[in-house]
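K.L.:
Quick note: the sequence shown, position 267, residue 468 per the numbering used here, numbers continuous. To start, I am sharing the structure in question, which I have written as structure tokens.
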Amino acid sequence: MFVVYIGSVLTTLIWLSLLAGKTDGSAAFTGSIALWLWFTVLFANVAEALAEGRSKAQAASLKGTRKTIWAKKLAAAKRDGATEKVAADSLRKGDIVLVEAGDTLPCDGEVLEGGASVDESAITGESAPVIRESGGDFSSVTGGTRVLSDWLVVQCSVNPGETFLDRMIAMVEGAKRRKTPNEVALTILLVALTIVFVLAVATLLPFSQYSVNAAGSGSVVSVTVLVALLVCLIPTTIGGLLSAIGVAGMSRMLGANVIATSGRAVEAAGDVDVLLLDKTGTITLGNRQASEFLPAPGVKEQELADAAQLSSLADETPEGRSIVVLAKQRFNLRERDLQTLNATFVPFSAQTRMSGVNVQDRMIRKGAVDAIRRHVESNGGHFPAAVDALVESVARTGGTPLVVAEGPRVLGVVALKDIVKGGIKGTFCRIAQNGHQNGDDHR
202 MFVVYIGSVL
212 TTLIWLSLLA
222 GKTDGSAAFT
232 GSIALWLWFT
242 VLFANVAEAL
252 AEGRSKAQAA
262 SLKGTRKTIW
272 AKKLAAAKRD
282 GATEKVAADS
292 LRKGDIVLVE
302 AGDTLPCDGE
312 VLEGGASVDE
322 SAITGESAPV
332 IRESGGDFSS
342 VTGGTRVLSD
352 WLVVQCSVNP
362 GETFLDRMIA
372 MVEGAKRRKT
382 PNEVALTILL
392 VALTIVFVLA
402 VATLLPFSQY
412 SVNAAGSGSV
422 VSVTVLVALL
432 VCLIPTTIGG
442 LLSAIGVAGM
452 SRMLGANVIA
462 TSGRAVEAAG
472 DVDVLLLDKT
482 GTITLGNRQA
492 SEFLPAPGVK
502 EQELADAAQL
512 SSLADETPEG
522 RSIVVLAKQR
532 FNLRERDLQT
542 LNATFVPFSA
552 QTRMSGVNVQ
562 DRMIRKGAVD
572 AIRRHVESNG
582 GHFPAAVDAL
592 VESVARTGGT
602 PLVVAEGPRV
612 LGVVALKDIV
622 KGGIKGTFCR
632 IAQNGHQNGD
642 DHR
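Listed below in structure tokens is the structure:
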């Protein structure tokens with residue numbers, strides 16, 4: 202485009218000289234050539250601006266999802282220390298904050314003290330809460346995620362503008378977009394062709410002058426014609442759209458909810474042979490729902506449903522609410538008031554990894570398999586091998602097993618399944634019809 206720009210300036214100066222009567226030639230012809238050259242330059246810049254504008258619009262929509270978060274800043278890494286309410290944007294690397302149940306993490310950081318269940322679905326798409334605690338491999342937290350239970354003392358590991366969401370926005374804006382291998386190869390080819398054609402066109406003027414002098418007739422080819430010939434010879438369209446092609450490819454993928462880290466990644470996507478899809482939040486909606494009650498040997502299904510519903514009456518998670526609804530649908534078990542029953546709800550915690558209810562002389566708990574196993578064995582009970590088989594069968598079909606126990610007695614398993622998004626089945630059918638193999642579980 203630089204060569205075309207120089208040619209546009211040169212022909213414009215010649216056209217102005219013709220209008221002033223300082224040189225001989227056709228002003229209309231020279232003016233039309235100058236107009237077309239300027240249009241070529243303008244077209245290349247507008248195409249690139251439109252492509253980059255789409256990326257900036259997507260980045261603006263991501264910025265709009267950010268909201269003002271307030272943090273409880275601590276002077277030292279102690280939960281019982283004095284806190285100061287500050288905006289998350291004012292936190293710097295090394296600052297220490299307290300995050301309690303229901304709070305949104307104000308920054309990316311490391312857990313210094315405490316343990317909590319964290320909802321990271323906004324970042325990862327995974328509906329199941331994850332445990333974050335100090336020490337070990339699970340101490341990193343991401344800004345924008347939400348603490349569901351307990352508390353954390355977190356030390357910020359990044360400065361404002363360097364968080365995960367900020368990096369994602371910068372990636373979408375293409376601030377660090379590098380040329381792809383194809384772009385580099387095309388650039389080298391365009392430079393080589395331009396040099397060759399410039400040398401070829403430059404030799405035409407002295408040849409034309411020599412021919413006119415030798416023949417004694419005719420006219421020397423004008424500079425305007427030579428500039429027009431050069432622009433026609435060099436691949437101006439490819440040069441003008443080269444950068445726009447890469448940006449437009451990333452924008453189109455972003456329109457399909459796929460974030461490309463670079464134009465290089467877009468080109469590499471064309472060579473992909475195997476595609477791995479994360480199930481939760483991609484193929485499924487993300488919120489797990491209770492689908493089945495699987496009683497242990499010697500336990501009736503209605504007894505399991507009653508205990509599971511009692512332990513979930515005060516559970517505000519999607520899983521807990523779905524257990525209450527399923528028990529109502531299957532056995533017409535209506536919701537009961539915990540205060541009327543003189544019951545005490547035991548909330549979920551990252552340490553115990555289970556929740557439940559104490560009602561009269563009953564102690565009902567539901568939670569992860571290993572947590573319920575420890576609870577039952579600590580109360581003098583035995584975890585049946587048949588329940589282990591139920592847990593394995595639920596996990597094998599892509600579900601999540603939730604074990605229910607009353608005191609030292611295991612009642613059974615509640616199967617939680619993700620709800621498949623609408624249209625996914627048809628999509629997999631079309632993939633199969635196109636001759637591509639997939640690992641879909643046809644059961």
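Glycine included, C-beta positions come from ideal geometry on N, C-alpha and C.
Just the Cα atoms here: how many angstroms apart are Ala596 and Asn246?
P.N.:
Each residue's alpha carbon lies about 55 Å from the other.
K.L.:
Looking only at C-alpha atoms, which of Gly208, Phe629, Arg531, Asp320 sits nearest to Leu652?
P.N.:
Outside the shown range of the chain, which is 202 to 644, sits residue 652, and nothing can be said about it.
K.L.:
Rounded to the nearest angstrom, what separates Ser490 and Ser550 at their Cα positions?
P.N.:
For clarity, residue 490 is Gln in the given sequence; the question names Ser instead. Each residue's Cα considered, the two are about 20 Å apart.
K.L.:
Count the other C-beta atoms from every protein chain shown that fall within 10 angstroms of the C-beta of Ile207, then say buried if there are 16 or more, exposed otherwise.
P.N.:
It counts as exposed.
K.L.:
Exposed or buried, what is Lys274 when buried is set at 16 or more other beta-carbons lying within 10 Å of its beta-carbon?
P.N.:
It is buried - the Cβ of Lys274 has at least 16 other Cβ atoms within 10 Å.
K.L.:
Starting from Val424, follow the beta strand (DSSP E) in both directions and report where the run begins and ends.
P.N.:
Taken as a continuous stretch (DSSP letters only), Val424 belongs to no beta strand (DSSP E), being part of the alpha helix (DSSP H) at 424-434.
K.L.:
Once the 5 residues before and after Thr545 are set aside, which same chain residues still bring their CB inside 6 Å of it?
P.N.:
The residues are Asn559.
K.L.:
For my contact list, Pro548 and Ser350 are in at a C-beta cut-off of 8 Å; report their separation, rounded to the angstrom.
P.N.:
The pair is a contact, with the Cβ atoms about 6 Å apart (cut-off 8 Å).
K.L.:
Would you mind stating whether Leu238 and Thr269 have Cβ atoms separated by less than 8 Å?
P.N.:
Not a contact, by the Cβ cut-off of 8 Å.
K.L.:
Go to Asn559, then tell me how far its alpha helix (DSSP H) extends in each direction, as first and last residue.
P.N.:
Premise fails: Asn559 lies in the beta strand (DSSP E), 555-560, not in any alpha helix (DSSP H).
K.L.:
Let's test the definition: count the other Cβ atoms within 10 Å of the Cβ of Gly345 and tell me whether it reaches 16, buried, or not, exposed.
P.N.:
It is buried - the Cβ of Gly345 has at least 16 other Cβ atoms within 10 Å.
K.L.:
How far does the beta strand (DSSP E) with Leu275 in it extend, from its first residue to its last?
P.N.:
It spans 271-275 - the beta strand (DSSP E) in which Leu275 sits, taken as one unbroken run.
K.L.:
Is the CB-CB distance between Gln503 and Ile524 below 8 Å?
P.N.:
Not in contact: Gln503 and Ile524 (Cβ atoms no closer than 8 Å).
K.L.:
Can you tell me whether Val459 is buried or exposed, with buried defined as 16 or more other CB within 10 angstroms of its CB?
P.N.:
Under this definition Val459 is an exposed residue.
K.L.:
Pull up the CB-CB distance for Leu617 and Glu520, whole angstroms please, since I reckon it's below 8 Å.
P.N.:
Indeed, because the Cβ distance is near 6 Å, the residues count as touching under 8 Å.
K.L.:
For the segment 396-406 against the segment 358-365, do three or more pairs of beta-carbon atoms, one drawn from each stretch, fall closer than 8 Å, so that the two count as touching?
P.N.:
Touching, no, given that fewer than three Cβ pairs across the two stretches are closer than 8 Å.
K.L.:
Out of Val588, Leu476, Ile396, Thr598, point me to the one whose CA is closest to Val604's CA.
P.N.:
Checked all of Val588, Leu476, Ile396, Thr598; the closest Cα to Val604 is Val588.
K.L.:
Helix or strand or just coil, what does DSSP make of Cys308?
P.N.:
Three-state DSSP puts Cys308 in coil, outside helix and strand.
K.L.:
Could you tell me which uninterrupted alpha helix (DSSP H) segments, each at least 4 residues in length, are contained entirely in the segment 526-607, listed from first to last along the chain?
P.N.:
Complete alpha helix (DSSP H) runs here, min 4: 570-579, 586-597.
K.L.:
Which residues in the same chain have their Cβ closer than 6 Å to the Cβ of Val287, if we skip the five residues on either side of it in sequence?
P.N.:
Excluding positions up to five away in sequence, the list reads Ala272, Lys274.
K.L.:
Could you tell me which residues DSSP puts in a beta bridge with Lys618?
P.N.:
Lys618 pairs with Gln490.
K.L.:
Just to check my reading of the structure: Val312 and Val355 have Cβ atoms closer than 8 Å, yes? What is that Cβ distance to the nearest angstrom?
P.N.:
So it is a contact: roughly 6 Å between Cβ atoms.
K.L.:
Do Val611 and Thr577 have their beta-carbon atoms positioned less than 8 Å apart in this structure?
P.N.:
The amino acid at residue 577 is misidentified as Thr; the sequence shows Val. Yes.
K.L.:
Asp472: buried (16+ other C-beta within 10 angstroms of its C-beta) or exposed?
P.N.:
That one is exposed.
K.L.:
Given a threshold of 16 other Cβ atoms within 10 Å of its Cβ, counted over all protein chains shown, does Arg293 qualify as buried or as exposed?
P.N.:
Exposed, since its Cβ has fewer than 16 Cβ neighbours within 10 Å.
K.L.:
Is Leu387 helix, strand or coil when you go by DSSP?
P.N.:
Helix at Leu387.
K.L.:
Between which residues of its own chain and Val242 is the CB-CB distance below 7 Å, once the five residues before and five after are set aside?
P.N.:
These residues qualify, in order along the chain: Met202, Val205, Tyr206, Ser209.
K.L.:
Can you grab the Cα-Cα spacing for the pair Trp216 / Ser291, in whole Å?
P.N.:
Spanning the two alpha carbons is a distance of roughly 58 Å.
K.L.:
Please report how far the alpha carbon of Leu220 lies from the alpha carbon of Asp367, in whole angstroms.
P.N.:
Going from the Cα of Leu220 to the Cα of Asp367 covers about 55 Å.
K.L.:
Can you check which of these residues, Ser594, Asp562, Ala289, Val426, is closest to Gly310 by C-alpha distance?
P.N.:
The candidate whose alpha carbon is nearest that of Gly310 is Ala289.
K.L.:
Find out if the Cβ-Cβ distance for the pair Pro609, Gly581 is shorter than 8 Å.
P.N.:
Contact flag set, yes.
K.L.:
Secondary structure at Arg610, three-state DSSP: helix, strand or coil?
P.N.:
It is a strand residue.
K.L.:
For Gln638, report the span of its beta strand (DSSP E) as first-last.
P.N.:
Neither: Gln638 is in no beta strand (DSSP E) and is coded neither H nor E.
K.L.:
Since Ser420 contacts Val428 with CB under 8 Å, what's their CB separation in whole angstroms?
P.N.:
In fact, because the Cβ distance is near 17 Å, the residues do not count as touching under 8 Å.
K.L.:
So Leu505 is in the alpha helix (DSSP H); what residue range does that whole segment cover?
P.N.:
Here the alpha helix (DSSP H) through Leu505 covers 502-513.
K.L.:
Taking just the CA atoms, how far does Asn635 sit from Asp507?
P.N.:
If I take the Cα positions, the gap works out to 48 Å.
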